Amino acid sequence: MATSSQQMETSAFTHRHFTQMAAFSSGTPLRVIAHVDLDAFYAQCEMVRLGVPEDVPLAVQQWQSLIAVNYAARKFGVTRQINITEARKLCPQLVAQHVATWHPYRFESRKILAAMKEVLPPPPLQRVEKAGIDEVFLDLSAQVHSIMLVSFPVLSAAMAPGADPSARLPPPPITALDWKSDHLVDLDEAEEIKDPDWDDIALSIGADIIREVRARVREKLNYTCSGGISHNKLLSKLGSAQNKPNKQTVIRGRAVARFLAPIKFTKMRNLGGKLGDQVALEFDTEDINQLLTVPLSSLKSRLGQETGLIKSMLSAKSFRPPIHTRAQAEQWIKIFAADIFSRLVEEGILENRRRPKTVSLHVRHNNLTRSRQIQIPPARPLDEFALVNMGSSLLTQIMSEGEVWPCLHMNMSLPRDPRARIY
Ligand code: DCP
Ligand code: MG
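Numbering-wise (the UniProt record's numbering), the sequence shown opens with residue 1 and increments by one.
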C-alpha cells in the first residue's frame with residue numbers, strides 16, 4: 001500500500017471510455033480481459049479420475065513421451081521435453097498414466113467450462129471464448145461495468161443522457177485496492193505511490209470475478225487453474241502463465257512495459273510457432289524490447305510472404321545450443337508428433353475429409369535448411385505412432401543427403417491441403 005499518495009484532480013479516463021465497456025468495445029482502455037488456463041491439465045484429469053493426492057508426482061504418457069506433467073513431478077525436474085526413461089531417473093516414484101484417447105479430457109474440459117459459466121451473469125453480460133482444450137478467454141468488460149455502476153454512484157453521471165462523452169471522469173473515491181492473494185506485476189516506484197485510477201479498479205473487480213470462477217471449478221470438480229487479468233488478450237494470456245499453479249496475476253496498464261521487458265516474444269500468441277522462430281532467426285533476438293526497435297516496414301519486408309504459411313499444422317523448435325545427435329532429434333520428432341496429433345484430434349480433422357495428405361520435416365544446419373516430405377498412407381489410421389515413424393524416415397532421408405549436425409532448428413508440418421476449407 002502507498003505510504004504517501006498523490007491526489008489526482010480528475011481521472012485519466014473519459015465518460016466514453018467507461019460507457020464503451022458496456023458494449024465490449026476494444027477501443028476502451030478500461031476493458032477487462034481474463035485468460036484462465038488449467039494447471040497440468042491432462043495430469044489433473046488423471047489425478048481427479050484416480051483420486052491421486054496433489055503431492056504425488058504424476059505424468060501422462062503417450063508412447064515414450066510425456067504430454068502432461070503435474071506440479072509435484074515438475075519439482076523433480078520432470079518436463080514434457082524428456083522421455084519416460086529420463087523422467088524415471090529424476091523421479092523414481094513417478095506415477096505414469098498411459099493415455100489412449102483424448103475423449104475423457106474433452107469431456108472434462110466441457111464440464112469445467114460449464115462450471116465457470118455458473119458464476120457469471122447470463123449473456124449479453126457474459127462473453128466467454130474457448131481458446132483450447134484447457135483455456136478460455138473471458139471478456140469481463142460489461143459485467144465489470146455493471147458492478148462499477150452499482151459500487152460507485154459517481155459514475156452514473158457518465159451514463160446520463162446529455163453527458164459529454166469526452167469529459168474526464170471524476171477521480172475514484174478510494175485510495176487503496178485489496179488485491180487479496182493475487183500476484184501483481186510491480187510498478188515503478190513513482191507509479192506505485194499514485195492513487196488507483198478507474199483502470200485499476202476495473203481490473204480489481206475483474207480479479208474478484210476470476211477468483212470466484214476458479215474457486216467454483218475447484219469446489220465443484222476439484223481442478224486448479226491459473227488466471228491472468230489485464231486489458232487485452234495477449235497480456236492476460238501471458239499473465240495466466242506467470243505464476244502457475246493455482247494463482248492469478250494482474251497486469252495493470254501502468255505495469256505493461258515492465259512486465260513485457262523480460263518476456264521472450266516466442267511465448268506470445270501467434271509467435272510460438274514457425275512465425276516466431278522465423279522472426280527470432282531473422283532478427284537474431286527473442287527479446288520483445290529489441291524487436292520493438294525494429295520498424296514495422298522492415299519487419300514486413302524481411303518476413304515477406306512466408307508468414308502466410310503459419311496456417312499449416314506445424315510444430316517447430318529452435319535449438320540454442322544446437323543439438324548434435326540423432327537420438328536428440330528423434331526425441332523432438334516424438335514431441336512434434338504428439339503436438340500435431342493432439343491438434344488434429346482437437347480440431348476434428350481426422351474425422352472427416354480434411355485428413356492431411358503429406359508430412360514434411362525441415363532441418364536446419366548452419367545457414368541451410370533442408371526438407372523432405374512423404375505421402376501419408378491413405379488406408380491406414382493416422383495416429384501419433386504413424387507420425388513418429390514418418391518423421392523418423394524423413395530424418396533418415398535428410399541425413400543421407402548431407403550434414404545435419406550441429407542442428408539449429410527442426411520442424412514437422414502437415415502442409416495445408418489446397419482443397420480443404422479450413423486448415
Ligand atoms: N498437450 C499435449 N501435447 C503437447 C502440449 C499439450 O498433448 N505438446 C495437452 C496436455 C496438456 C494440455 O494439452 O495437459 C494443455 O496444455 P498446456 O500447454 O496448457 O499445458 P498443461 O495444462 O499440461 O500445463 P500448464 O500448467 O503449464 O498449463
Ligand atoms: Mg494448461
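Even glycine gets a Cβ: it sits at the ideal position worked out from N, Cα and C. Quick caveat: nothing in here was measured; it's all calculated off a predicted structure.
In this model, P196 and A100 are separated by some 51 Å (Cα to Cα). Only buried fits P172, as 16 or more other CB atoms lie within 10 angstroms of its CB. Boundaries for H231: no alpha helix (DSSP H) harbours it, and the DSSP string shows neither H nor E there. A distance below 8 Å between beta-carbons, with the five flanking residues on each side excluded, links S166 to the following residues of its chain, in chain order: T14, H15, R16. Under the 8 Å Cβ criterion, the stretch 204–216 counts as touching the stretch 174–187, having at least three qualifying pairs. Distance from the CA atom of L387 to the CA atom of F76, rounded to whole angstroms, is 30 Å. Annotation for L395: no beta strand (DSSP E) segment contains it, though the alpha helix (DSSP H) segment containing it runs 384–400. Counting only heavy atoms of the ligand MG, the residues whose C-beta sits closer than 7 Å to one of them are, along the chain, D37, L38, D39, A40, F41, D134, E135.
L169 sits close to A158, with the two beta carbons spaced by under 8 Å. A distance criterion of 7 Å places the beta-carbon of S181 beyond contact range of the ligand DCP, judged by its closest non-hydrogen atom. The DSSP-derived three-state label of K75 is coil. In the DSSP assignment, V150 falls within the alpha helix (DSSP H) that extends over 141–151.
Bridge pairing for N83: S65 [DSSP]. In this structure, DSSP gives I340 a helical state, which the three-state scheme calls helix. Burial check for A73: the Cβ neighbour count within 10 Å reaches 16 or more, so the residue is buried. Of the candidates Q248, E192, D200, Q248 places its Cα closest to the Cα of D37. Taken in chain order, the complete alpha helix (DSSP H) segments of 4 residues or longer contained in the stretch 91–131 are 103–118. Under the three-pair Cβ rule at 8 Å, the stretch 83–100 counts as touching the stretch 59–67. Nearest to T358 by C-alpha distance, out of H409, A255, R211, P378, is P378. Sixteen is the threshold: since fewer than 16 other Cβ atoms of the shown chains lie within 10 Å of the Cβ of D164, the residue is exposed. Under the DSSP assignment, F319 falls in the beta strand (DSSP E) whose first and last residues are 313–323.
Assignment of beta strand (DSSP E) within the stretch 6–44, counting only whole runs of 3 or more residues, yields 33–38 in chain order. In the DSSP assignment, L368 falls within the unbroken beta strand (DSSP E) covering 368–375.
If you keep only unbroken alpha helix (DSSP H) runs of at least 4 residues inside the stretch 239–263, you get 256–260. Sixteen is the threshold: since fewer than 16 other Cβ atoms of the shown chains lie within 10 Å of the Cβ of N366, the residue is exposed. Using a 10 angstroms sphere on the CB of V213, the tally of other CB atoms reaches 16 or more, which defines it as buried. Positions of the alpha helix (DSSP H) runs, each at least 4 residues long and wholly inside the stretch 159–209, are given as 189–192 in order along the chain.
With contacts defined by Cβ atoms closer than 8 Å, P245 and Y105 do not form a contacting pair. In this structure the stretch 403–412 touches the stretch 330–350; the number of beta carbon pairs closer than 8 Å is three or more.
Of the heavy atoms belonging to the ligand DCP, at least one sits nearer than 7 Å to the Cβ of K244. For I193, the shortest C-beta to heavy atom distance toward the ligand DCP is 7 Å or greater. Secondary structure of E135 (DSSP, three-state): strand.
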